[in-house]
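Enquirer: Protein chains in written order, with my numbering: chain A, 1 to 427; chain B, 1 to 427; chain C, 1 to 427; chain D, 1 to 427. We put the beta carbon where it would ideally sit given N, CA and C, even for glycine. What follows is a structure written as structure tokens; I'll ask about it next.
Protein chains: 4
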Amino acid sequence: MATGWLNRIIGSIADQGRELFASRSGRPIGGDLATLCHDLIGERGEASGTALARAVVERYAALGPAERLAFFELLAAQFGPDQAAILLAADAYRRDAALANLLKLAAATEAPRQELFRRVNMAPDGTATLVAMREHLLDLLRDRPQLESVDADLHHLLASWFNRGFLRLERIDWRTSAAVLEKLIAYEAVHAIEGWEDLRRRLQDDRRCFAFFHPALPDEPLIFVEVALTRGIAAAVQPLIARDAPVADPAGADTAIFYSISNCQKGLRGISFGNFLIKQVVADLQQELPQVETFSTLSPIPGLRAWLKKEGRADGDAAAASERFDPASPDATVMKAPLMRLCARYLLQAKKDGKPVDPVARFHLGNGARVERINWLGDVSAKGVRESCCLMVNYLYRPEDIERNHEAYANEGRIAASSAVRGLLKE
Amino acid sequence: MATGWLNRIIGSIADQGRELFASRSGRPIGGDLATLCHDLIGERGEASGTALARAVVERYAALGPAERLAFFELLAAQFGPDQAAILLAADAYRRDAALANLLKLAAATEAPRQELFRRVNMAPDGTATLVAMREHLLDLLRDRPQLESVDADLHHLLASWFNRGFLRLERIDWRTSAAVLEKLIAYEAVHAIEGWEDLRRRLQDDRRCFAFFHPALPDEPLIFVEVALTRGIAAAVQPLIARDAPVADPAGADTAIFYSISNCQKGLRGISFGNFLIKQVVADLQQELPQVETFSTLSPIPGLRAWLKKEGRADGDAAAASERFDPASPDATVMKAPLMRLCARYLLQAKKDGKPVDPVARFHLGNGARVERINWLGDVSAKGVRESCCLMVNYLYRPEDIERNHEAYANEGRIAASSAVRGLLKE
Amino acid sequence: MATGWLNRIIGSIADQGRELFASRSGRPIGGDLATLCHDLIGERGEASGTALARAVVERYAALGPAERLAFFELLAAQFGPDQAAILLAADAYRRDAALANLLKLAAATEAPRQELFRRVNMAPDGTATLVAMREHLLDLLRDRPQLESVDADLHHLLASWFNRGFLRLERIDWRTSAAVLEKLIAYEAVHAIEGWEDLRRRLQDDRRCFAFFHPALPDEPLIFVEVALTRGIAAAVQPLIARDAPVADPAGADTAIFYSISNCQKGLRGISFGNFLIKQVVADLQQELPQVETFSTLSPIPGLRAWLKKEGRADGDAAAASERFDPASPDATVMKAPLMRLCARYLLQAKKDGKPVDPVARFHLGNGARVERINWLGDVSAKGVRESCCLMVNYLYRPEDIERNHEAYANEGRIAASSAVRGLLKE
Amino acid sequence: MATGWLNRIIGSIADQGRELFASRSGRPIGGDLATLCHDLIGERGEASGTALARAVVERYAALGPAERLAFFELLAAQFGPDQAAILLAADAYRRDAALANLLKLAAATEAPRQELFRRVNMAPDGTATLVAMREHLLDLLRDRPQLESVDADLHHLLASWFNRGFLRLERIDWRTSAAVLEKLIAYEAVHAIEGWEDLRRRLQDDRRCFAFFHPALPDEPLIFVEVALTRGIAAAVQPLIARDAPVADPAGADTAIFYSISNCQKGLRGISFGNFLIKQVVADLQQELPQVETFSTLSPIPGLRAWLKKEGRADGDAAAASERFDPASPDATVMKAPLMRLCARYLLQAKKDGKPVDPVARFHLGNGARVERINWLGDVSAKGVRESCCLMVNYLYRPEDIERNHEAYANEGRIAASSAVRGLLKE
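Here it is, written out as structure tokens:
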């Protein structure tokens, strides 16, 4: 808990650094951000890199949205690779494929902004700044394809730096820092956490929560998973997340239900942690609770209702369900059989580019899980009604099948499913 | 101190992972290393990356020297970039310099072994394995230029991963883990540490020791510096490292003497930490001990005597000194004046490619320090006699001059020196 | 964050211990609590002390209120000292004041339940159990003076074990564990914390919070103080605790305002930590923020209005204020002068046993502070109106005066006060 | 590793405290130690307790041996209980055994130096100072029985403060702080550790070392045990402690051999930790290594040869062994049978006050272990020859027998032994 002291000391060291190294010349370090960036990758960066990097971090933090756009356009325009140099290097390599020529070609194709980003990273909060930059950039990207080159460079660096070997898995519980816990409340993307009391229930003895952290972002979970320890595979989510659900003895559990996985950092979009997280948590739980032998998700089916609507043009059941499903209406029961069948079709057969249309299915099936069970009235929240007519699905992770499932899926597009779910197709 | 438990748990998790994911198929994970590597960057690596990576790490650790050579030759031959693909991508880029074509060209120039290394890094001890690989490779490189491409890729990745922003500065003292302290004894490269009692003296109240660590190598210092807190700039090293030197009150010190800097990881050769380390430690000490206002090294001059020998063909003093300098002979005093003069010439004027011949001078002057004082009988050890006729030199780090000194040095090859040292040239 | 693992391991070790040591005999460790207690201080306790102690802890935790009363009555009746033995030992000592006889007398006067408590303390959660026991006991004590002997023994032991030398001062901030932070919300006794957002404001950059912890109760603050860093001595509390108060730069502060001190453990009643806490925090803040030179409380005056009521029989102003003070009425301003005067009288002159009637005054004046300023409309909350007609007071801690103030107060009952407050008396 | 900073900060806080609270008056805190002690338990101690306590700690640390003696005599003479007050209180209690009178009697029998010690404990290093005081005192005690009363008070307090519930069991390995590890080298009392390389072997993968720590003495182990993980019960100690013994895989072990237990703090003499330590380590190892099912010591028999000498007057074998046992002589083998028999007699039958003469036997048998096996040539070191004619003994800890063994031993003096050892008696 001495962190306060240490942070202050570190901050003050950096302050001193800045003053020490900036006092000298006509160009104060508080100067123009473009100049600072050019300095940072130039000769001054060799001597005063950390101080310059810190200045860039501070200046960037103070930018408004319009200035940020200008900054990214600067990065695109002035810190990209030199086309002529690339072509010259390619010619030299064509004449002589020596290592030196290859390295020159590789160097020429690398945009100077990559070195800029590496140097920004030297500052305190450098990594956090680069992740924030990418978050801002992704927002701007839709309408500005000219910035894609900047994004490609940030993505390349961050993917290398957030290599799984550098991540720490940490268990999150009620003894975790409030600074981390509030991030769970903010980032939970599947079943919203309604404040601290709600969160507390999700961290009690019959629940587990794990997150990946990167050493350079100590208070920022990258991704976290919420797990319920149960007897048998849970079929409905509301009992799991009810704030007043009785707390069970974890020693009595035989199943771990992964009921929510949330990515936390928009700036790391496209860098995948979920597959590693689930497998590591399975291994951890096997170690901690040897009697837990079943590992399954309880997952939403976010695209089902939209797909039903499209299908509705050809299929009366789908039309009916997509138009007027209401779990409270006596009608709902009548719809059960057709909806279960349609859902099985959606999960197993509705594809795009050879992969399932449903993004959650794509994720878990790509990880080597199988479609285990479709659950009627699995999620009766408004969101559940709206997205999937209250259906939920369990994806089962059987460690011994994961690699086979994955390869069949990756090589042949084959989707693993229980016979029960396959059976629904035939009804 | 619960680390034992945790390590065991982590190890056992990894064991389980391996078993879980490996039990399935015809190709056991204990298989041939080349196959493992191909699997790891292929489809299997997607599903079972961590287990495969761990298998590679284990297999590599068990290789003997001859097998390691074969492994590196495999990496050079089978995991390099595809020349034809590069040329095709270059052609496409020449026709249309679109981002997609640039990215394809960049991807084509990147050797697949870079991805292999990134995946190896996912295993426990992955980073340590890659650093060890490079250490082994550097040993082999002298006679096998065909392996240079492998080294270039390892260097590229490690330089990015060991970015200063990911390093932690830690103070080392007698409460530090023995597993770290024994590394200091092993790695001290300037003034050998003769066992634990010798080390203990260097960690007492009037000494400081700081090291950089990387989170993925928690027990391995990357570089460390030893500092003595003194009154005035120390002129001789033996009093500083004498095991029975009286311990002074650090509150009375006005000067910090950096008397030894040692790199620890051969596998990180060419990735420079020293400049950052010195500047960070200066800032730290200013914070901790505001009354310490002078920051200076007490440095060896490793190339002096060899240079004197060469100079000896033209200069009688140099010849005499290089041939028969002996600090215990009455003669030595006679040699003082000419040796001091020659040393000043050596440090300020003996250059190669526009930079000082002396490697230590090159390092500190490149960092922005200045040559402050040459010390007669500064190091009377056998090594001191042999390398530099017992002379030592102080390089002074004045925070307010560092950037100016560095730029003058980098841009114009100008060497900063005190007027006293400059004066020696004229004698 | 590995605490989960460790806790589980520790728990499971204890489980094993219990099974190992309990399997043997006719009297299972789950047996009757009275028997367990007798066993624990007897021979079985020598061999199986930890397991028996754990059994006592578990059995005690399961007791309902009526059973707890029975348990304390058992402790009073069966685990007290032996009167005859005391008298015999006193006789022996009277005949011969040898050390052996003195020790026997001391041993005879010590109730066996003290040894019982010391052995209960060996169990995991033993210390927490004893603190909880005393909390329960204090509740029962009012109507059952026969239990006072049990309380005297618990108090004696806990006072020795919670010696200031064993306490750790820790800074509390937003990175502190939620398990600790929720205790602040629960225990804040002066200005209630209304949930997590309210708490967060009190932990921001211009606030400090410190608590004492005992190593055996790691998640339980014993006492905590909330501090605001301000310019000048704050005169009103609502601006300090407003959730949306702007966050100031602590570097600009010259004053630290101790605006709330709360004891957390009812079971430690009568063991005083506040004096140490304030002085330690003053020293800490001087270290962290050298520019902060004034240390003052902003304190409630909880007994003022009740005293005014009593005074009201003789003093019309007091009667008026106690009967109908309302800060929102135009009348209030008219009352200011008489109320300030009455308050000065209350603080400086209203005494009981030679000490101030007001408990907060008694605490701070006993610590060596002085009455610095009385603040009109210092606390306009309902509680402020009700208790003190919205008046608050600053007690000033001037390190150089503390000892003198304390001695004058302790020896002569003299109360230190600023001339401004003294001046109010004469108006 | 931020401990350096923190220590300095804490030190400096204490410095400030001292200055702040001491600046005022005629009696500077650097004053006479006797006066300081009187002040500390008097009124000044209320206001400036921590500063006064720190002054006492510092003054005590500076005392030479003669001054220490004078100090203890002062404590005996001036800080003892008031005999007349005790007798008065006893009279009052005799007339009326009310709680108030009992408490007064208890208070009167408690020497004021107990309160003095409790207040000294408030200083930084207070606990360490009190432990050191008792160590010094114990040295002086032999010739000065008048100091026993001081010792009784220190022992009473320390026994209460070092309650097992406040101790932390920590595993010690090569990652432990050098400041702790050097204590092992210094304190090992059974099989000396010859420097750091020797120590390192004892901390490798097939060894375990555990120690108890008290939170107030973070770098000071109180007691530690060294364990070898073996297959079968080890019969000789030299193979276990050989520096170059091959390191076995702990997963292959079925037995844990406790081959050395050392108390570290002379100042805690008479406060027993060994029993707790062994049982806790057994539980820990069962948790960590479930396949380890046998827990045994390999223990010296320190009193054997001296006993043989005494027995020699009546027994020719004993005389021969005690006079001329030499493991290297061909004679030795001839002595094996009689020596084994005599050793069994020594361990099982040689008693004093109904307990075994041998101190190690007394310890383990009192803990509930049994005599399992006597080992010929178990310790061939000079010490082994000298003390026990090279014999060693295994005491077996079978968790399920511990309580029964202990009670039979404690109540009836019955010694548990294997039939093999009992059989030796009959030979």
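Return yes when the C-beta of residue 221 (chain A) is under 7 Å from any heavy atom of the ligand ZN, and no when it is not.
Expert: With respect to the ligand ZN, the structure offers nothing, as it holds no ligand at all.
Enquirer: Residue 430 (chain A) touches chain C at which residues, Cβ-Cβ below 8 Å?
Expert: A question about residue 430 (chain A) goes unanswered here, because the residues of chain A that appear run from 1 up to 427.
Enquirer: Are the beta-carbon atoms of residue 208 (chain C) and residue 285 (chain C) separated by less than 8 Å?
Expert: Sequence index remark: in the third sequence, residue 208 (chain C) carries index 208 (1-based). Sequence index remark: in the third sequence, residue 285 (chain C) carries index 285 (1-based). A contact, by the Cβ cut-off of 8 Å.
Enquirer: Compare the C-alpha of residue 222 (chain C) against each of C:246, C:267, C:258 and name the closest.
Expert: As a first step, residue 222 (chain C) is located in the third sequence; it is residue number 222 there, counting from the start. Checked all of C:246, C:267, C:258; the closest Cα to residue 222 (chain C) is C:267.
Enquirer: Closer than 7 Å by beta-carbon distance: list the chain D residues that pair up with residue 187 (chain C), in chain order.
Expert: The residue given as residue 187 (chain C) occupies position 187 in the third sequence. Going along chain D, no residue has its Cβ under 7 Å from residue 187 (chain C), so there is no contact; the nearest lies around 23 Å.
Enquirer: Distance, Cα to Cα, residue 272 (chain B) vs residue 60 (chain B)?
Expert: If you number the second sequence from 1, residue 272 (chain B) lands on position 272. If you number the second sequence from 1, residue 60 (chain B) lands on position 60. Taking the straight line joining both Cα atoms gives about 27 Å.
Enquirer: Name the chain F residues that come within less than 9 Å of residue 219 (chain B), Cβ to Cβ?
Expert: Absent from the structure: chain F. Protein chains present are A, B, C and D.
Enquirer: Does residue 297 (chain D) get closer than 8 Å to chain C when you measure Cβ to Cβ?
Expert: Here the question's residue 297 (chain D) lines up with position 297 in the fourth sequence. Chain C contact via Cβ: absent.
Enquirer: Is there a Cβ of chain D sitting closer than 8 Å to that of residue 356 (chain C), yes or no?
Expert: What you label residue 356 (chain C) is simply residue 356 of the third sequence in a count that begins at 1. Not closer than 8 Å to any Cβ of chain D, the Cβ of residue 356 (chain C) fails to qualify, so no.
Enquirer: Please report the distance separating the alpha-carbon of residue 234 (chain C) from that of residue 50 (chain A).
Expert: Position 234 of the third sequence holds residue 234 (chain C). Position 50 of the first sequence holds residue 50 (chain A). Computed Cα separation, rounded: 40 Å.
Enquirer: Just the C-alpha distance for residue 22 (chain D) and residue 124 (chain A), rounded to the nearest angstrom, thanks.
Expert: Taking the first residue of the fourth sequence as position 1, residue 22 (chain D) is located at position 22. Taking the first residue of the first sequence as position 1, residue 124 (chain A) is located at position 124. For residue 22 (chain D), the predicted model reports a pLDDT of 40, less than 50, meaning its position is unreliable and no value from the coordinates is stated.
Enquirer: Would you mind listing the alpha helix (DSSP H) stretches within the stretch 172-221 of chain A that are 4+ residues and don't spill past its ends, in chain order?
Expert: For the stretch 172-221 of chain A, whole alpha helix (DSSP H) runs of length 4 or above, ordered along the chain, are 178-187, 196-201.
Enquirer: Just reading off the beta strand (DSSP E) that residue 256 (chain A) is part of, what are its end residues?
Expert: As a working note, residue 256 (chain A) is residue 256 in the first sequence. Unbroken beta strand (DSSP E) run through residue 256 (chain A): 255-263.
Enquirer: Could you tell me which chain D residues have their CB closer than 9 Å to the CB of residue 81 (chain C), listed as they occur along the chain?
Expert: Indexing the third sequence from 1 puts residue 81 (chain C) at position 81. What residue 81 (chain C) touches in chain D: 102, 106.
Enquirer: Under a three-way DSSP split, which group does residue 235 (chain A) fall into?
Expert: Locating residue 235 (chain A) in the first sequence gives position 235, where the first residue counts as 1. The answer is coil: DSSP assigns residue 235 (chain A) none of H, G, I, E or B.
Enquirer: Is it true that the stretch 139-152 of chain B meets the stretch 245-263 of chain B, where meeting means three or more beta-carbon pairs spaced less than 8 Å apart?
Expert: With the cut-off at 8 Å, the stretch 139-152 of chain B and the stretch 245-263 of chain B do not touch.
Enquirer: Answer with buried or exposed for residue 247 (chain D), where buried requires no fewer than 16 other C-beta atoms within 10 angstroms of its C-beta.
Expert: Sequence index remark: in the fourth sequence, residue 247 (chain D) carries index 247 (1-based). Counting Cβ neighbours within 10 Å, residue 247 (chain D) comes out exposed, since fewer than 16 surround it.
Enquirer: How many angstroms separate the CA atom of residue 471 (chain A) from the CA atom of residue 194 (chain C)?
Expert: Residue 471 (chain A) lies beyond the range of chain A shown here (1 to 427); nothing can be said about it.
Enquirer: With distance defined between alpha-carbon atoms, name the residue in B:389, B:380, B:263, B:242 nearest to residue 309 (chain B).
Expert: Within the second sequence, the letter at position 309 stands for residue 309 (chain B). For residue 309 (chain B), the nearest C-alpha among the options comes from B:389.
Enquirer: Label residue 303 (chain D) either buried or exposed according to how many other C-beta atoms from any shown protein chain fall within 10 Å of its C-beta, with 16 as the threshold for buried.
Expert: Taking the fourth sequence and counting its residues from 1, the one referred to as residue 303 (chain D) is at position 303. Under this definition residue 303 (chain D) is a buried residue.
Enquirer: Tell me the DSSP secondary structure of residue 224 (chain A) in three-state form.
Expert: Looking up residue 224 (chain A) in the first sequence gives position 224. Strand at residue 224 (chain A).
Enquirer: For the alpha helix (DSSP H) holding residue 396 (chain A), just list the boundary residues, first then last.
Expert: What you label residue 396 (chain A) is simply residue 396 of the first sequence in a count that begins at 1. Segment 392-396 is the beta strand (DSSP E) holding residue 396 (chain A); no alpha helix (DSSP H) there.
Enquirer: With a cut-off of 8 Å on the beta carbons, I'd call residue 282 (chain A) and residue 395 (chain A) a contact; round off their distance for me.
Expert: Residue numbering aside, residue 282 (chain A) sits at position 282 when the first sequence is read from its first letter. Residue numbering aside, residue 395 (chain A) sits at position 395 when the first sequence is read from its first letter. Wrong, their Cβ atoms sit about 13 Å apart, outside the cutoff.
Enquirer: Show which residues of chain A have a CB atom less than 7 Å away from the CB atom of residue 161 (chain C).
Expert: Within the third sequence, the letter at position 161 stands for residue 161 (chain C). In chain order: nothing, as chain A lies at least about 22 Å away.
Enquirer: Using a beta-carbon distance below 8 Å, is residue 165 (chain A) in contact with chain B?
Expert: In the first sequence, the residue the question calls residue 165 (chain A) occupies position 165. At least one chain B Cβ lies under 8 Å of residue 165 (chain A).
Enquirer: Under 8 Å between C-beta atoms, does residue 196 (chain D) make it to chain B?
Expert: Here the question's residue 196 (chain D) lines up with position 196 in the fourth sequence. Yes, its Cβ sits closer than 8 Å to a Cβ of chain B.
Enquirer: Taking just the CA atoms, how far does residue 387 (chain D) sit from residue 331 (chain D)?
Expert: Residue 331 (chain D) sits at position 331 when you count from the first residue of the fourth sequence. Residue 387 (chain D) sits at position 387 when you count from the first residue of the fourth sequence. Approximately 18 Å, taken between the alpha carbons.
Enquirer: Would you say residue 424 (chain C) and residue 340 (chain C) are within 8 Å of each other, going by their C-beta atoms?
Expert: Working through the third sequence from its first residue, we reach residue 424 (chain C) at position 424. Working through the third sequence from its first residue, we reach residue 340 (chain C) at position 340. Yes, they are a contact pair.
Enquirer: Please report the Cβ distance between residue 342 (chain A) and residue 317 (chain A), rounded to the nearest whole angstrom; I am assuming they are in contact, meaning their Cβ atoms lie under 8 Å.
Expert: Taking the first sequence and counting its residues from 1, the one referred to as residue 342 (chain A) is at position 342. Taking the first sequence and counting its residues from 1, the one referred to as residue 317 (chain A) is at position 317. Confirmed, Cβ separation roughly 6 Å.
Enquirer: Per DSSP, residue 417 (chain D) is paired with what?
Expert: If you number the fourth sequence from 1, residue 417 (chain D) lands on position 417. Per DSSP, D:371.
Enquirer: Along the beta strand (DSSP E) that carries residue 296 (chain C), what are the first and last residues, could you check?
Expert: For the purposes of this step, residue 296 (chain C) is taken as residue 296 along the third sequence, with counting starting at 1. Per DSSP, residue 296 (chain C) belongs to the beta strand (DSSP E) from 294-297.
Enquirer: Distance, Cα to Cα, residue 152 (chain B) vs residue 48 (chain A)?
Expert: As a position in the second sequence, residue 152 (chain B) is number 152, starting the count at 1. As a position in the first sequence, residue 48 (chain A) is number 48, starting the count at 1. Roughly 27 Å separates the two Cα atoms.
Enquirer: Under 8 Å between the Cβ atoms of residue 165 (chain C) and residue 55 (chain D)?
Expert: Translated into the one-based positions of the third sequence, residue 165 (chain C) becomes position 165. Translated into the one-based positions of the fourth sequence, residue 55 (chain D) becomes position 55. Going by C-beta atoms, residue 165 (chain C) is not nearer than 8 Å to residue 55 (chain D).
Enquirer: Find the nearest neighbour of residue 277 (chain B) within the set B:354, B:212, B:230, B:334, judged by alpha-carbon distance.
Expert: Taking the second sequence and counting its residues from 1, the one referred to as residue 277 (chain B) is at position 277. Comparing Cα-Cα distances from residue 277 (chain B) to each of B:354, B:212, B:230, B:334, the minimum goes to B:212.
Enquirer: What does residue 94 (chain D) reach in chain C if we use C-beta pairs closer than 8 Å?
Expert: The residue labelled residue 94 (chain D) in the question sits at position 94 within the fourth sequence. Those are 87, 90, listed as they occur along chain C.
Enquirer: Looking at residue 417 (chain A): is its Cβ nearer than 8 Å to the Cβ of residue 371 (chain A)?
Expert: Taking the first sequence and counting its residues from 1, one reaches residue 417 (chain A) at position 417. Taking the first sequence and counting its residues from 1, one reaches residue 371 (chain A) at position 371. Cβ distance < 8 Å, so residue 417 (chain A) and residue 371 (chain A) count as in contact.
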